[in-house]
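Protein chains in written order, with my numbering: chain G, 4 to 429; chain X, 6 to 974. In what follows, a single structure is set out as structure tokens and then discussed.
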């Protein structure tokens, strides 16, 4: 059995032995993307399990072990971990937890310490906690984000964004119900197979796969009817994770809407732009310059991948391609400063502008109750977005353990009533 | 015929239109949450008496109608939208609609870009809120409306949340404020809340229409809106029925009413709601439970026959007043437990008179009082002792369980609990900001559902499927209950569910335990709410421990006070100073309200005049009482810092003109920097004045997010003040990073401090065409700052700057900042020395720089000095320690100071830390836990005070007094 090893600050490390013996639990956020990430990590030799447990038990665990005023996502994710660990399904001496950490000035970068506190409170100090991040917080000998993993993950994001985008545009109109979803599942499996054999990551494979994906989705028989177009923006977890937003996407689908959920790609580019922007705004020494150059290099690499998506969409005008980062960047100019980096930062405002511009002017802005960056870039910018695009019809929705679905849905329905009226007028 | 049904949160409204769109039937009634029954009843009536076999089109609307219409496939129209349809037909000239309902508040802007605003997860400022307030004042809604006409003064009351409002109103009641003033103040609060919360910067003007129950029935409320909007709105005919009318107008689908009725009644029986296991398996289990608890009895004696020393204890609580007469043998000779009906003084007078009548020879040896109304009662009747509630309850609990290690008292709207360590009170939990774990919530609910609280609570004991309502704010729970009822929960299930919620809130929201063992194993529970067997049962189940509930659970405060007076007077000669029978007979109580005006806090004072005595309530410091103005800067660093900041005066006749700096958020620390920087560049630097309530209100309508912290909200007002002064150039930079003090892994500002200028720029139309400089600025790299700043300056000003002058100004600015920090550190050391010489306790009032603002800290620093301690701030002692390894991500400059300060305090025997936390501060969810754990690791007591627009200083006082009492032990 793997020995428990600690770093000099007393943090329990995830060791190389643990890599062999331990199962790593990861909370599910974006179903398509995360299933691809799961495959990537499995292929790299990790035993991975995506947690999809949800419901009141999870919330209760969260409330019990996390400061009740902490962000709702922290409460949910930690609740999810504890609910799983308390279920008896896992051998507590052979289980590790993994969570992403962004490391900005938003309190969300504190999730890992909050998780550690909760685990301590629950008497499960023996469970190693792995921070998955790209900024070098907390290293572990048994888990390294090497280039191979990063490349596969990035490919996963490209595919994930594309598949999600196509599925959102196909499913509401498909003639045979379930066809779009089946195609989605088929591709997740297909891509994971490719990854397992070292394929699907280089630009050539990427382009080929994207073309095939486009072709497949374009072949799904659909019947275009007029539906309300609704975009979703918000704090990243509440925006994406269905159990955090009370199944917002399903609800909107039931209300006969077509949903546009901007993907992960721009968020990654947004993060990569952080250091170069800081250097530009505030200056810095040689170390900052080097870090900035590395970021810029990665930025260009990821931008190229993003452009591959745009190209793949070009022959298919019936599909609306995901908006490229450079365009969102441009839209924000004069609305909010590029220095607004914490949380989703100016990107959230940019996504509202981008959606409004591309015909999804009806927008749900989802945020955890009391989310600090959202006071600024979400609720704080709605007025300005409307100035830019008077058609914008935005409803901010707060999520927390006590907010009821009835109340949230009622507000969304009001937004939809106005949306329908606008639709009928035009 | 077209039928419109508006199923709201508390009422159900219907309208039937004939083919000429004329109203042939309308109805309005409360549904007491019996939604399906009422709907069935109403539709049956309409079918039989109005429609009479003709074709009918039906549409449903309203928040509670949504689910039902979905399931029964009946046409639905969202209620705000329905209102709009109706207004479009009936009052096409309308510009803006304000509609208040049971639990919702809405503003519809119809002209100039249609927009709808409705309240989100907060029920503040709605009909339910007004109901709650009427209950609190113990008057009917009609009375409240009538009283409001003859008001003289408007008090500031937070109506964002009923919970907060209660804690504003209760002290006012206790201080003897007039009900007419309170009624008008409540209406004004609702108007302000609606306008601020919903208009969010959009001006309400033109033809305004008032709709919905509260605005239809309450003239005073309409008047309050008129006043707040500086206009006269109209309340049209059928103002109650606009939603129903809108629904009727949009009815197009033919509905077979018989089928609809069948579906609706089926719907009522589906019963899908989250439930938990019953409180008791069966009657036997309940009987055993009752039997066990009945054994815990306080000894009783007989007042008539008892001879010997007699002690009096009074507990003047927030909603009730309790008194205990105690013999020297520890037996209770007599007691009362009454609602204080807003004024406890006459109740105690009557009680004393009654006691004297029974025993004309009665002489009290000593008397003590505790609770909210402590000072009032003590002064009114000249009692010997006033003690803080925690001490009273601890004293009482020890009589029942000498080794008690945890006491929890849940009263009407306050909850106190504390741990006991080494015989001293440690770790007090009070609910300053939240009454969700308290009993008045149960009571209000019982009343809404048409029950007396006692009967309502009993209903839950044998509920088969108690509703799982979770824990969290009770104001939010209304809609959860609504949903459960919609899903078929019975009143029994709801009663049990609410009891569970009260306990869960108390445990997980206020105390925040993760396991029972945290609280100790020897628990005494008390307070009126625990008289409720359901609550007690849930508590034991949740804690998995048998607890002691004394049979005088509701009287424990008074009992403790009586015991205290007995112990305290043991070695004293003579009798109690309590007023005599003849004085009682001639007793008079007069109340005057005035504003102090001796300092910026401008406390609203209530002067109670008794024969030969007067008592001033509502004051933070002793100045209005003693009329002396002590030199508070000698012992209070908050006062000193504020004075120091105010000394940065504008340098007149700047060659580059005036530049304004709003005194908000980080400016409370960076003013020396920016003031010097711009003065050196030749600007006349004008700062906005100190915050006050008026300044807040003036900027309120431009706040886009109503849940952001109060210090941030105030910045809108500061911008307004600068603009009013004719300042066209305002400097307020965005700053992701703060100065790096090398005490943390990074040196961020919190997102709100960092980017709030963006919010001001985007939401204050007043800033349009002004030079509002809110660029992203970093002062954390001094070498780079001048270059970067030069670019920004040259972008905003026509007359160019050169690098040299900016460098010189920057150098001076860093120097000024340094000097300022050194100066306050030096002053801090002096205060520490002085306190040590005078053997005073030193309180580190830890927060953020902007907690200096008297409107933010509500004069808590003064309250502390009035209790005899010195006050310093976290920044000056943080510098005395090195960077600390902590268990959280330590990357914010201000927050790192808290951790360092806590570490330092832990090494000083005469220092204690009190942390100020602004409501809504997300980062403090992280810091408070960490600071607490640092202090507790070293055996120190952690005290936290949550502050907001309104702060209940009574609760703050309890905390501080308990802290001092614990330190004494």
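Glycine included, every Cβ here is placed at the ideal spot set by N, Cα and C.
Using the three-state DSSP reduction, which class does residue i fall into: helix, strand or coil?
i                      : result
residue 217 of chain G : helix
residue 84 of chain X  : helix
residue 91 of chain G  : coil
residue 276 of chain G : coil
residue 371 of chain G : strand
residue 210 of chain X : coil
residue 928 of chain X : coil
residue 92 of chain X  : helix
residue 773 of chain X : coil
residue 328 of chain X : strand
residue 754 of chain X : coil
residue 923 of chain X : strand
Which residues of chain X have a Cβ atom closer than 8 Å to the Cβ of residue i, listed in chain order?
i                      : result
residue 382 of chain G : 709 and 710
residue 119 of chain G : 892
Confirm the yes/no value for this check: CB of residue i, any heavy atom of the ligand PLP, distance under 7 Å.
i                     : result
residue 47 of chain G : With respect to small molecules bound, the structure shown includes none, and the ligand PLP cannot be examined in it.
Taking CB distances under 8 Å as the criterion, tell me whether residue i reaches chain X.
i                      : result
residue 20 of chain G  : no
residue 112 of chain G : yes
residue 433 of chain G : This structure gives no information on residue 433 of chain G, because the portion of chain G shown stretches from 4 to 429.
residue 417 of chain G : yes
residue 387 of chain G : yes
residue 263 of chain G : no
Report all residues from its chain with a CB closer than 8 Å to the CB of residue i; omit the five preceding and five following residues, and keep chain order.
i                      : result
residue 208 of chain X : 706
residue 897 of chain X : 743, 749, 751, 752, 753, 754, 755 and 928
residue 388 of chain G : 338, 352, 355, 356, 359, 395 and 397
residue 29 of chain X  : 6, 21, 22, 23 and 55
Could you name the residues of the same chain whose beta carbon sits closer than 6 Å to that of residue i, not counting the 5 residues immediately before and after it, in chain order?
i                      : result
residue 244 of chain G : 32
residue 65 of chain X  : 10, 74, 79 and 81
residue 197 of chain G : 203
residue 32 of chain X  : 19
Please confirm whether residue i has its beta-carbon closer than 8 Å to some beta-carbon of chain G.
i                      : result
residue 793 of chain X : yes
residue 952 of chain X : no
residue 819 of chain X : no
residue 83 of chain X  : yes
residue 410 of chain X : no
What does residue i reach in chain G if we use C-beta pairs closer than 8 Å?
i                      : result
residue 927 of chain X : 72, 73, 74, 110, 373, 374 and 375
residue 68 of chain X  : 409, 410 and 413
residue 934 of chain X : 70 and 120
Could you work out which residues of chain X lie near residue i, taking near to mean beta carbons separated by less than 9 Å?
i                      : result
residue 284 of chain G : 741, 780, 781, 782, 783 and 793
residue 343 of chain G : 739, 741, 756, 759, 760, 763 and 781
For residue i, which residues from the same chain have a beta carbon less than 7 Å from its beta carbon, with the 5 sequence-adjacent residues on both sides left out?
i                      : result
residue 85 of chain X  : 111, 113, 121 and 123
residue 240 of chain G : 32, 76 and 247
Against residue i, what residues of chain G qualify as contacts under a CB-to-CB distance less than 7 Å, listed in chain order?
i                      : result
residue 786 of chain X : 285, 286 and 287
task = Would you check if the stretch 714-724 of chain X and the stretch 393-400 of chain G touch, i.e. whether three or more CB-CB distances between them fall below 8 Å?
result = no
message = Below 8 Å, how does it come out for the stretch 874-881 of chain X and the stretch 830-849 of chain X: are there three or more Cβ pairs, yes or no?
response = yes
query = Okay, do the stretch 915-934 of chain X and the stretch 945-955 of chain X touch, 3+ Cβ pairs below 8 Å being the bar?
reply = yes
inquiry  = Check whether the stretch 881-890 of chain X and the stretch 721-738 of chain X touch, using three or more Cβ-Cβ pairs below 8 Å as the test.
reply    = no
request  = Check whether the stretch 213-228 of chain X touches the stretch 244-253 of chain X, counting contact only when three or more Cβ pairs, one atom from each stretch, lie closer than 8 Å.
outcome  = yes
message = Three or more C-beta pairs under 8 Å: does that hold for the stretch 120-135 of chain G against the stretch 185-195 of chain G?
response = no
ask   = Pairing CB atoms from the stretch 421-428 of chain X with CB atoms from the stretch 650-663 of chain X, are three or more of them under 8 Å?
value = no
request  = Decide if the stretch 497-506 of chain X is in contact with the stretch 456-475 of chain X; the criterion is three or more beta carbon pairs, one per stretch, under 8 Å apart.
outcome  = yes
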